[in-house]
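Engineer: One structure is given below, represented as structure tokens, and several questions about it will come after.
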Amino acid sequence: MTQTEPNSDTDTAGVCVPLTDRRVLRVAGADARGFLQNLLTCDLDDVDAQRAGYGAC
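What follows is the structure in structure tokens.
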């Protein structure tokens, strides 16, 4: 079965969900990239200002 058209407004609408158990942190400095590369499970070479990546600590 192939679907070529959205079947509801939710297929194309943006959704914002509060993730109250998650946090955003900022790491700065000369060693920041190396520190995060050693800490996270994602490869930071695949992440930039336009492309996020999933990772875990």
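Quick note, my numbering runs 222 ahead of the 1-based positions in the sequence shown. Heads up, the beta-carbon is just placed ideally off N, CA and C, and yes, glycines get one too.
1. State the start and end residues of the unbroken alpha helix (DSSP H) segment that holds GLY256.
2. Compute the Euclidean distance between the alpha carbons of LEU258 and ALA252, then round it to the nearest angstrom.
3. Could you please give me the residues that DSSP links to ARG273 through a beta bridge?
4. Pull up the CB-CB distance for CYS238 and LEU261, whole angstroms please, since I reckon it's below 8 Å.
Structural biologist: In short:
1. 254 to 261
2. 12 Å
3. ASP270
4. At roughly 28 Å, the Cβ-Cβ gap does not stay under 8 Å, so CYS238 and LEU261 are not in contact.
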